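Some notes on the structure that comes next.
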Amino acid sequence: MAQVKEPDRSEGELPDPLEIPDLVPGCMAASKPYVAAPEFQKPLGFPGELVENWQEKAIEKMAELRGKYRSFRVFLDACVKCGACTDKCHYFLGTGDPKNMPVARQDLLRQVYRRHFTLAGKYLPWLVGARDLTEEVLDDWYSYFHQCSQCRRCSVYCPYGIDTAEISMAGREIMDSIGKGQKYSNEIIGKVLSIGNNLGLPKKALKATLEGLEEEVLEETGVPVKFPLDEKGADILLVAPSADYFAEPHVAGLIGYAKVFHQAGVTWTISSYGTEAANFGMFIGSYENMREIALRIRKAALDLGVKRLVFGECGHAWRAAYSFLNTLAGPFDFLDQRYPIPQHICEFTYDLMQAGKLKFDKSKNEHIRLTFHDSCNIARGSRLGNMPGGQFEIPRAILKATCNHFHDMPADTIKEGTLCCGGGGGLLTDELIEIRKKGAQPRMRALQQVAEEHGVTHMAAMCAICKAQFSKVLPMYGFDMEAIVSVHQMVSNAIVLDRVEGASQESEGGEE
Amino acid sequence: MLTVAYALLFYAAAAVLTGGLGFRIWEYARTPAPLKIPTTPAPTTRSGVAFRLFREVVLFESLFKANKWIWLFGWVFHAALLLVLLRHLRYFTHPIWEWVALIQPFGVYAGFAMVAGLLGLWARRFLVPRIRYISAPSDHLMLALLIGIGGSGLLMKYVARTDIVALKSFFLGIMTFNWQPIPADPVLLIHLGLVAALMIIFPFSKLLHAPGLFFSPTRNQVDNPRERRHLANWARELEAGRS
Ligand code: HEM
Ligand code: SF4
Ligand code: SF4
Ligand code: SF4
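So the sequences go chain by chain: A and B. Heads up: the first sequence at position 373 corresponds to 372 in numbering that gives the first Met the number 0, and the numbers run straight through without jumps. Heads up: the second sequence at position 114 corresponds to 113 in numbering that gives the first Met the number 0, and the numbers run straight through without jumps.
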C-alpha cells in the first residue's frame with residue numbers, strides 16, 4: 000500500500016497539523032469494515048445480503064431520499080467544485096487519498112445521482128462526470144463512506160454549507176437498503192434495541208457495576224455518593240454512553256456526574272431500559288432506527304416518572320439528543336419545562352458553578368497540564384448553554400475551574416475548526432485501525448505542539464468515542480494512553496464534597 | 000432572418016431560465032429537511048439566520064475561512080458579475096434609471112475584474128492537483144463560457160464596437176413584441192449567443208448554487224431544536240399510534 004511521503008523538515012521542527020499531503024490515489028481503497036451478516040441486518044429492517052437487483056433498488060432508494068431530504072437534493076445540486084473543502088478532512092490530511100477529500104467523497108454519490116436524476120448526466124455523462132452504479136462504484140461507496148466520521152468539518156468551510164456527513168449517511172442508508180450494511184454499527188443498534196445499551200450490558204451486570212462504584216467512592220472519599228438504577232420518582236434521568244459504565248477513562252467521568260448530583264442535592268437515576276445515550280442510527284442515516292432508539296429514552300423517562308433529562312458526555316449522542324431528540328421522540332411536555340430538555344451534564348455542572356454551589360480544590364489536579372479536544376459533534380452539530388458557541392466556552396470554564404494549567408491547541412484546530420479524533424461515525428472498530436490512526440494524525444500533531452510549547456500532559460474530551468479512540472491511538476503517536484481524560488473526571492478529582500447529608504434534598508425543580 | 004432567430008432564441012432562453020429556475024426553487028421549497036442540522040455555532044433567531052445568509056451571499060464568509068485565494072478570485076468575479084449585470088440594465092430600460100447611469104463607469108472596470116477573477120479560478124483548476132482531480136469537463140466549460148461572454152463583451156467595448164443604439168432598440172423591441180433589427184456584428188452575435196446558452200443551462204447545472212445556498216439546511220436553519228419541535232410531514236406519519 001502506498002505511503003504518504005513525509006516532507007523533509009529540519010530536526011526538531013514540529014509538523015503543521017494541517018499540512019496538506021501529496022495526492023496518493025487509491026491508497027485507502029482497501030480500507031473497509033466488515034459487512035453485516037444477515038442476523039445483524041434483519042432486526043433493523045434491512046435485507047440480509049446484497050439483493051439481486053441491487054442497482055435498481057439503490058436508484059429507487061436514491062429517488063426516495065431525494066424526496067425526503069432537502070439536504071440530499073440541494074447538496075448534490077449545488078456544489079461548484081470550488082475546492083475549498085478539499086484540504087479540510089482529517090482523513091485526507093492523514094492519508095493523501097483524493098477520495099477522502101470531502102467533495103470527492105460526495106462525488107462518489109453525485110456521479111450516480113447525475114446519471115439518473117439530471118438531464119446532462121442522462122445524455123452527456125462524460126461531460127459532467129456521471130457514472131452508472133457499477134460494482135466498482137459500490138465498492139468505492141463501501142470503502143469511502145466508511146472513511147467519513149461525519150464530523151462536519153467540511154461543512155464549516157463550504158460556501159453553501161454542504162455537509163459531507165449527510166452524504167455519507169445517505170450512502171450508508173442506500174447500502175443498508177440493498178443489503179450491504181456495516182457489521183459494527185448494525186450489530187450495536189441491534190443490541191440497543193434488544194437490551195437497552197450498545198454494549199449489551201444486562202440489568203444485573205449494570206447493577207453490580209454501579210454498586211461497585213458506590214463502594215469505591217465511599218472508600219476513597221468517605222462520602223456515600225449514590226449510583227441509583229431504575230429508581231422511580233427520581234428528579235433526573237441520566238442517560239450516558241454505555242462506555243461510562245465500565246471502561247477507562249470513561250467511568251471516571253460517570254463518578255464525576257454522580258458527585259455533582261450528590262453535591263447538588265438532587266435525586267437521580269439511570270434506567271436499565273433506556274441506558275444508552277449514543278444513537279448509532281444516526282451513523283447509518285436511518286431515521287427509523289434513530290427514532291426507535293430515541294423512543295426508548297422517552298419511555299424510560301415516562302416509566303420512571305422523572306422530571307428532568309440529563310445526558311452524559313458523548314459527542315454524537317449529544318448531537319442526537321440536543322438536535323434530534325425533540326423531533327424524534329418529543330414533545331416532552333411531561334418534564335419540568337424550566338430546564339432545558341434534554342440538558343447536558345456540563346450545562347448542569349456549569350449552572351451550579353454559576354450559582355456558587357460547587358467548590359473545587361484545584362490542587363488535586365496540580366499534576367495535570369491540560370488541553371481540550373472539542374468533540375466535533377458537540378462543536379459543529381449541537382450547542383451547550385443558551386448562547387451560540389456555549390459548547391466551546393462551557394467545558395473550558397469547567398476545566399479552568401478545576402485545573403490551574405490550561406492551554407488550548409492551535410486556533411485553527413479547535414472550536415468550530417476542531418479536528419476529529421479519527422474514530423467517530425461508526426469507525427471505532429478494529430478492522431479500521433489503519434484509517435483511524437491516519438485520521439488522528441492532524442489532532443495528534445496539534446497535541447504535540449502544545450505538549451512541546453506548554454508541557455501539556457493531558458487532553459480532556461467529552462465524547463465516549465473520542466476517549467476510546469484516543470486511548471488506542473495516543474500510544475501510536477508517542478503519548479501515554481492515560482493522557483486522555485473526561486471533563487467530569489477533572490471535576491471528580493477536584494470537587495469538594497461537603498454537603499451535609501439530609502440537609503437539603505432541595506431538588507431545584509422539586510415542587511409539582 | 001437573424002433578428003427572428005435571435006429574438007426567438009432569447010424568448011426561449013428567458014423561458015427556460017425562469018421556468019427552470021422556478022421549478023427548481025419549487026422543488027427545493029417542497030422537499031422537507033426532517034432534522035435540525037445547522038452547522039453550529041448557529042444563530043438562535045430568524046433574524047440571526049437572515050444575517051448569516053446575508054454574510055454568505057455578500058461576503059462569502061465561509062469561503063473566506065476556507066481559502067483566501069479561492070475567496071479572492073471568486074468574490075471578485077461575482078462582485079464584478081453583479082456590477083456588469085446591473086450595468087446592462089441600460090439596454091433594457093428607457094429612460095435609463097438614474098442609478099444605472101451612475102454605475103456605468105464602474106461597470107467598465109468590472110468587466111476586466113470579472114475576467115481576471117475567472118482566469119484565476121481557471122488557473123487553479125490546472126495548477127492545484129486537488130482541484131484538478133475534482134474538475135469535470137463541465138467545470139472547465141462553464142468557466143470558458145463565462146470568459147467567452149466577458150471577453151466578447153470587452154472586445155465590443157474596446158475593439159470591435161457595435162451599434163449600441165440599434166442593439167437597445169432590438170432588446171426593447173423584443174420586450175414589447177415589436178421586433179427591431181439586430182446589428183449583424185459577429186462579436187455581438189457571439190456574445191449574445193453565449194449569454195443565451197448560459198441562461199439555458201443555468202437550471203440544469205451547478206449554477207444552481209445560487210438558489211441552493213438559500214435552501215441549504217446547514218445554513219438556513221435556526222438553532223432552536225430544544226425550544227421548538229421540528230417535524231417533517233413524512234415523519235409525522237410515523238407517529239400515529241405512538242405513546
Ligand atoms: C446568490 C448569488 C450567488 C452566490 C452567493 C454565489 C456564490 C458563489 C461562491 C461562493 C462560489 C465559490 C467560489 C468560486 O469558485 O467563485 C461560486 C462559484 C461560481 N459561481 Fe456563483 N454565486 C452566485 C451567483 C452566480 C451566478 C448568477 C453565476 C452565473 C452566471 C455564478 C457563477 C459561478 C461559477 C461559474 C462558479 C464556479 C467558479 C469555478 O469554476 O471555480 N454564480 N459562486
Ligand atoms: S467547498 Fe462546497 S462547493 Fe466547494 S467543492 Fe467543496 S463541497 Fe463543493
Ligand atoms: S464530515 Fe468530516 S470525515 Fe466526513 S468528509 Fe467531512 S471532514 Fe471528512
Ligand atoms: S468521535 Fe469525537 S472527535 Fe470523532 S467525530 Fe465523534 S465527536 Fe468528533
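The beta carbon of each residue, even a glycine, is placed where N, CA and C say it ideally should be. None of the values given here were measured: they were computed from a predicted structure.
List, in chain order, every chain A residue whose beta-carbon is nearer than 7 Å to that of residue i.
i	result
tryptophan 233 of chain B	Lys67
alanine 79 of chain B	Those within 7 Å of alanine 79 of chain B in chain A number zero; the least Cβ separation is about 17 Å.
phenylalanine 214 of chain B	Arg69, Val73
leucine 230 of chain B	Thr326
Looking at the unbroken beta strand (DSSP E) that takes in residue i, where does it start and where does it end?
i	result
valine 238 of chain A	235-238
alanine 276 of chain A	Here alanine 276 of chain A belongs to no beta strand (DSSP E), and DSSP marks it neither H nor E.
histidine 457 of chain A	457-460
valine 216 of chain A	Per DSSP, valine 216 of chain A belongs to no beta strand (DSSP E); it is in the alpha helix (DSSP H), 202-220.
histidine 372 of chain A	369-372
phenylalanine 310 of chain A	307-310
isoleucine 483 of chain A	483-485
isoleucine 148 of chain B	Unbroken run through isoleucine 148 of chain B is the alpha helix (DSSP H), 136-157; no beta strand (DSSP E).
isoleucine 36 of chain B	From DSSP, isoleucine 36 of chain B is part of no beta strand (DSSP E); its letter is neither H nor E.
isoleucine 181 of chain B	That residue, isoleucine 181 of chain B, is in no beta strand (DSSP E); it is neither H nor E in DSSP.
Would you mind reading off the limits of the alpha helix (DSSP H) that contains residue i?
i	result
valine 83 of chain B	67-87
phenylalanine 405 of chain A	Segment: none, phenylalanine 405 of chain A is in no alpha helix (DSSP H) and carries neither H nor E.
tryptophan 125 of chain A	124-127
threonine 326 of chain A	325-328
tryptophan 98 of chain B	97-101
isoleucine 340 of chain A	From DSSP, isoleucine 340 of chain A is part of no alpha helix (DSSP H); its letter is neither H nor E.
Any heavy atom of ligand 5 inside 6 Å of the beta-carbon of residue i?
i	result
glycine 82 of chain A	Among the ligands present in this structure, namely ligand 1, ligand 2, ligand 3 and ligand 4, ligand 5 is not found.
Contact defined as beta carbons within less than 8 Å: I believe residue i pairs with residue j. What is the distance between those atoms, to the nearest angstrom?
i	j	result
lysine 463 of chain A	aspartate 243 of chain A	A small fix is needed here, since residue 463 of chain A is alanine in this sequence, not lysine. With 8 Å as the limit, alanine 463 of chain A and aspartate 243 of chain A qualify as a contact, their Cβ atoms being about 7 Å apart.
aspartate 411 of chain A	arginine 129 of chain B	Not quite, the Cβ-Cβ distance comes to about 18 Å (not below 8 Å), so this is no contact.
phenylalanine 310 of chain A	proline 330 of chain A	Going by Cβ atoms, the distance from phenylalanine 310 of chain A to proline 330 of chain A rounds to 18 Å, so no, they are not a contact pair.
proline 42 of chain B	proline 387 of chain A	7 Å
lysine 190 of chain A	alanine 36 of chain A	Actually they are not in contact, since the Cβ atoms of lysine 190 of chain A and alanine 36 of chain A sit about 14 Å apart, beyond 8 Å.
phenylalanine 245 of chain A	threonine 268 of chain A	Contact doesn't hold; Cβ gap of about 18 Å is too wide.
arginine 282 of chain A	serine 184 of chain A	For clarity, residue 282 of chain A is phenylalanine in the given sequence; the question names arginine instead. Yes, they are in contact, since the Cβ atoms of phenylalanine 282 of chain A and serine 184 of chain A sit about 5 Å apart, within 8 Å.
serine 241 of chain A	asparagine 197 of chain A	5 Å
glutamate 165 of chain A	phenylalanine 71 of chain A	7 Å
For residue i, tell me which candidate among the options has the shortest Cα-Cα distance.
i	options	result
leucine 334 of chain A	A:Val216, A:Leu236, A:Phe91, A:Ser491	A:Leu236
threonine 17 of chain B	B:Trp98, B:Pro210, B:Asp184, B:Leu120	B:Pro210
histidine 343 of chain A	A:Arg72, A:Gln353, A:Ala276	A:Ala276
cysteine 88 of chain A	A:Ser142, A:Lys80, A:Ser154	A:Ser154
isoleucine 69 of chain B	A:Tyr156, A:His115, A:Arg337, A:Thr326	A:Tyr156
threonine 2 of chain B	B:Glu97, B:Ala165, B:Gly21	B:Ala165
valine 75 of chain B	B:Val99, B:Val107, B:Leu52, B:Ala112	B:Ala112
leucine 7 of chain B	B:Asn232, B:Arg89, B:Ile199	B:Ile199
proline 227 of chain A	A:Val265, A:Asn197, A:Gly25	A:Val265
tyrosine 68 of chain A	B:Glu238, B:Arg54, B:Ala231	B:Ala231
glutamate 430 of chain A	A:Lys56, A:Glu215, A:Ala29	A:Ala29
serine 491 of chain A	A:Phe116, A:Ala77, A:Thr401	A:Thr401
leucine 217 of chain A	A:Lys258, A:Ile397, A:Val484	A:Lys258
Run through chain B and tell me which residues come within less than 9 Å of residue i, C-beta to C-beta.
i	result
proline 97 of chain A	Pro128, Arg129, Tyr132, Ile133
methionine 100 of chain A	Arg129, Tyr132, Ile133
tyrosine 540 of chain A	This structure cannot settle anything about residue 540 of chain A, because the visible part of chain A is limited to 0 through 511.
What does residue i touch in chain B if you count any residue whose Cβ is under 7 Å from its own?
i	result
asparagine 278 of chain A	In chain order: nothing, as chain B lies at least about 12 Å away.
arginine 151 of chain A	Thr38
Find the residues of chain B that neighbour residue i, judging by a C-beta separation of less than 8 Å, and give them in chain order.
i	result
cysteine 84 of chain A	Ala65
So residue i contacts chain A; which residues on that side make the cut at Cβ distance below 8 Å?
i	result
tyrosine 27 of chain B	Arg69, Arg72, Val73
arginine 225 of chain B	Tyr321, Asn325, Pro339, Ile340, Pro341
serine 137 of chain B	Ala119, Leu126, Val127, Gly128
Determine the chain A residues that contact residue i at a beta-carbon separation under 9 Å, and present them in chain order.
i	result
alanine 12 of chain B	None at all; the shortest Cβ gap to chain A is about 16 Å.
glycine 172 of chain B	Correct list: empty, because the minimum Cβ distance to chain A is about 31 Å.
Cβ pair count under 8 Å reaching 3, the segment 49-69 of chain A against the segment 190-206 of chain B: no
Segment contact, 8 Å Cβ cut-off, at least three pairs: the segment 364-382 of chain A with the segment 404-413 of chain A: yes
At least three beta-carbon pairs within less than 8 Å, the segment 169-177 of chain B to the segment 214-226 of chain B: no
Cβ pair count under 8 Å reaching 3, the segment 445-462 of chain A against the segment 219-239 of chain A: no
Segment contact flag, the segment 417-425 of chain A with the segment 439-452 of chain A, C-beta cutoff 8 Å, min 3 pairs: These segments touch.
Segment contact flag, the segment 182-199 of chain B with the segment 146-154 of chain B, C-beta cutoff 8 Å, min 3 pairs: yes
contact_flag[the segment 87-105 of chain A, the segment 21-30 of chain A] where n(CB pairs < 8 Å) is 3 or more: yes
Segment contact, 8 Å Cβ cut-off, at least three pairs: the segment 291-299 of chain A with the segment 313-331 of chain A: yes
Segment contact flag, the segment 161-174 of chain A with the segment 99-106 of chain A, C-beta cutoff 8 Å, min 3 pairs: yes
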